[in-house]
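Going by the working numbering, the letters in the sequence shown line up with residues 4 to 381, in that order.
Single-structure report; data block below.
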Amino acid sequence: MNAPTLAMIPQADPGAGYRAQKAEIDAAVQRALESGWYILGREGAAFEQEFAAWLGAGQHAVGCANGTDAIALILRGLGIGPGMTVVTVSHTAVATVAAIEMVGATPLLLDIDPDTYTMDPDELVSVLDHPPPGLPPIKAVIPVHLYGQACDLVPMLAACAARGIPLIEDCAQCHGATLDGRKLGTLGTAAAFSLYPTKNLGALGDGGVLATADADLAGRIGAIRQYGWKERYISAMVGVNSRLDEVQAAILRVKLTALDAGNARRRAIAAAYDAALAGGPIAPPARRPGAEHVFHQYVLRCEGRAAVQAALKAQGVGTGIHYPVPVHLQPAYRDRTPLGPAGCAETARAAEEVLSLPMYPELTDAQVERICAALRGL
Ligand SMILES: *Cc1c(COP(=O)(O)O)cnc(C)c1O
């Protein structure tokens, strides 16, 4: 007789988030469907209000089609386009860089701090003071709060403010995370959130939302997302089509009510993983002082990653790699995307060593214990 095979614990499970709130989500979907109004209506407006209130700090929120568009819409709203450079990192979802090119601007990719995987503020100051020759002028900076934890934002905000350059927070992975007690997404000029199904706040389809305390900028972007209309059928400015639909907005209103509890559950799971790793060969992820992590991902760093991944798989533990190839080494970008003067050595090294454990609020205690047992065995 064969030994019973362990059911694999997937690294991500967006269906579990739906099942956890199924009755409320089903009712919300039905309400949206029966309303007879499917694009930019009451659900979308209510979601924008509720999301802005949840962020606090006098924010205005604008829903849109996805997180990539949220970044691009902010850039358009700020007038950033061809003949301008936008600074970000290579160790990110390709979306961050794609959004910069969508508006016709030139991305400049900096290296990361190897402990927190986020933009190195010293390198940022150095490229702002001494821009690489041959590039158009730097007109915006987009640091990414990766894996659910703040990047080293304070010196970057100061460097940008001193030079009058807008700082756009890429908050696709950090809904609810804080820095010095302040919510990420309220600290820069504007912030972009993805609502992709696996994000900490996820739709059941595509969605995005952006936030800013600048009411004029929010109003401008609200028009740009729909052909630049201020009144129906009359484009006051050049725009695009990037709208959040009513069904997704209704779903997101339900999901938003579970976000804080979901983040607390992610932190509890992370603490269990930390304890299981203590004293072993692989260190738990670094925490930035003053930053509250929301663990979009719980990321280990291991030399010999393939062996660790295989050992976990043999114990029924699924893992992921975020991200296996840095943007500047991907076929569409390599050999043409400018890097900072220091290159991207830490980025390339991280891509070979990062390994993401299962992380979502619906993991059961029994599943977490099984994962911890596998971690203790490494
Ligand atoms: C998911 C993600 C995005 C883009 O979001 P989409 O909704 O998939 O367009 C942008 N930046 C980062 C860091 C992300 O993780």
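C-beta atoms are modelled at their ideal positions from N, C-alpha and C, and glycine is treated no differently.
Keep in mind it's a predicted model, so treat the numbers as computed, not measured.
Proximity below 9 Å, CB of residue i to CB of residue j
i: ASP209; j: ALA68; result: yes
i: GLU249; j: GLU306; result: no
i: ILE115; j: ALA143; result: no
i: ARG228; j: ASP16; result: no
i: ALA60; j: THR189; result: yes
i: GLU365; j: ALA23; result: yes
i: PRO169; j: LEU156; result: no
i: GLN9; j: GLN251; result: Here residue 9 is Leu; the residue named in the question, Gln, does not match the sequence. The answer is no: Cβ separation not under 9 Å.
i: PRO341; j: THR88; result: yes
i: GLY151; j: HIS296; result: yes
i: ARG246; j: ILE74; result: no
i: LEU207; j: TYR301; result: no
i: LEU213; j: ILE103; result: no
i: ASN266; j: ALA354; result: no
i: ASN203; j: ARG269; result: yes
i: GLU46; j: ARG34; result: yes
i: VAL243; j: ILE285; result: no
i: THR109; j: LEU138; result: yes
i: PRO131; j: VAL90; result: The residue you asked about is not Pro; residue 131 is Leu in the sequence shown. Their beta carbons are under 9 Å apart, which means LEU131 touches VAL90 by this criterion.
i: PHE298; j: ALA273; result: yes
i: VAL320; j: MET122; result: no
Any non-hydrogen atom of ligand 1 within 8 Å of residue i CB
i: ASN69; result: yes
i: TYR230; result: no
i: LYS202; result: yes
i: ASP72; result: yes
i: GLY210; result: yes
i: VAL121; result: It is Thr, not Val, that sits at residue 121 in the sequence shown. No; taking the cut-off as 8 Å, the Cβ of THR121 has no heavy atom of ligand 1 nearer than that.
i: TYR199; result: yes
i: THR95; result: yes
i: ALA98; result: yes
i: GLN333; result: no
i: ALA175; result: yes
i: VAL89; result: no
i: LEU149; result: yes
i: ALA354; result: no
i: ALA195; result: yes
Cutoff 7 Å; reference residue i; Cβ partners in own chain excluding five residues on either side
i: MET4; result: Low confidence applies here, because MET4 scores a pLDDT of 47, under 50, leaving its location unreliable and the question unanswered by this model.
i: ALA275; result: VAL371 and CYS375
i: GLU53; result: ARG256 and LEU259
i: ALA19; result: TYR363 and GLU365
i: GLY84; result: VAL106, GLY107 and ALA108
i: GLY86; result: PRO139
Contact set for residue i: own chain, Cβ-Cβ below 6 Å, skip 5 residues either direction
i: SER197; result: GLY70, ALA175 and GLY211
i: SER93; result: LEU112, PRO329, VAL330, HIS331, CYS347 and THR350
i: PRO158; result: PRO124
i: ALA64; result: GLU51, PHE54, ALA55, VAL212 and ALA214
i: LEU280; result: PRO287 and LEU378
Range of the contiguous alpha helix (DSSP H) that encloses residue i
i: TYR21; result: 17-23
i: PHE50; result: 45-58
i: PRO110; result: No alpha helix (DSSP H) holds PRO110; the beta strand (DSSP E) holding it covers 109-113.
i: ALA278; result: 262-280
i: GLY66; result: It is not in any alpha helix (DSSP H) - GLY66 instead sits in the beta strand (DSSP E) that spans 63-67.
i: SER129; result: 124-132
i: LYS233; result: Run containing LYS233: none in the alpha helix (DSSP H); it sits in the beta strand (DSSP E), 232-234.
i: VAL357; result: Element bounds for VAL357: not the alpha helix (DSSP H) but the beta strand (DSSP E), 357-360.
i: THR119; result: From DSSP, THR119 is part of no alpha helix (DSSP H); its letter is neither H nor E.
i: ARG256; result: 249-259
i: VAL100; result: 97-105
i: GLY367; result: Reading the sequence as shown, one finds Thr at residue 367 and not Gly. Counting along the chain, THR367 falls outside any alpha helix (DSSP H), and DSSP gives it neither H nor E.
i: GLN312; result: 308-317
First and last residue of the uninterrupted beta strand (DSSP E) at residue i
i: PRO146; result: Run containing PRO146: none; DSSP gives neither H nor E here.
i: SER197; result: 193-197
i: VAL90; result: 88-92
i: GLY211; result: 211-215
i: ILE171; result: 171-173
i: LEU160; result: Run containing LEU160: none in the beta strand (DSSP E); it sits in the alpha helix (DSSP H), 156-166.
i: GLN302; result: Looking at the sequence shown, residue 302 is not Gln but Val. Segment 301-304, the beta strand (DSSP E) holding VAL302.
Anticipated Cβ contact below 8 Å, residue i with residue j, distance rounded
i: LEU127; j: ALA153; result: Wrong, their Cβ atoms sit about 15 Å apart, outside the cutoff.
i: THR322; j: LEU358; result: 5 Å
i: HIS178; j: LEU262; result: 6 Å
i: ALA314; j: VAL32; result: ALA314 to VAL32, Cβ: 41 Å. No contact.
Close beta carbons around residue i, own chain, < 8 Å, minus the five adjacent residues each side
i: LEU160; result: LEU170, LEU190 and GLY191
i: ALA239; result: ALA226, GLY231, TRP232 and LYS233
i: ARG352; result: PRO117
i: THR119; result: LEU149, GLN152, CYS154, ASP155, ALA289 and ARG291
Interface flag, residue i vs chain B, CB-CB below 9 Å
i: HIS296; result: Here chain B cannot be found, since the structure has a single protein chain.
Any non-hydrogen atom of ligand 3 closer than 8 Å to residue i Cβ
i: ILE227; result: By its list of ligands, the structure shown excludes ligand 3, since it contains just ligand 1.
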